[in-house]
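This note's numbering applies: residue 2 is where the sequence shown begins, and numbers increase by one.
By construction, the Cβ of each residue, glycine as well, lies at the ideal position given by its N, Cα and C atoms.
Taking it in order: structure first as structure tokens, then the write-up.
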Amino acid sequence: MPFEVLDEDIMLKVISLCDVYTTLSVSTVNKTLRRVAFVKQLWLFSVRDLA
């Protein structure tokens, strides 16, 4: 089953487990993953982990 057929909430949860480099890489795959990878809450979570 392709990753993109999952609900966006599930994709967001999976991507939230990735590091910043991987999140940026995922965002280059297609439009759907780009939209999910650039959700504000995801980046707030990622930045919080860096601190």
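Just reading off the alpha helix (DSSP H) that residue i is part of, what are its end residues?
{"i": "F39", "result": "F39 -> no alpha helix (DSSP H), and no H or E assigned at all."}
With a threshold of 16 other CB atoms inside 10 Å of the CB of residue i, please say whether the residue is buried or exposed.
{"i": "V1", "result": "For the chain, the structure presents residues 2 to 52; residue 1 sits outside this window and is missing."}
{"i": "I16", "result": "buried"}
Helix, strand or coil, according to DSSP, for residue i in the structure here?
{"i": "M28", "result": "A small correction: the amino acid at residue 28 is Ser; Met does not occupy that position in the sequence shown. If DSSP states are grouped into helix, strand and coil, S28 belongs with coil."}
{"i": "D8", "result": "coil"}
{"i": "L51", "result": "helix"}
{"i": "L13", "result": "helix"}
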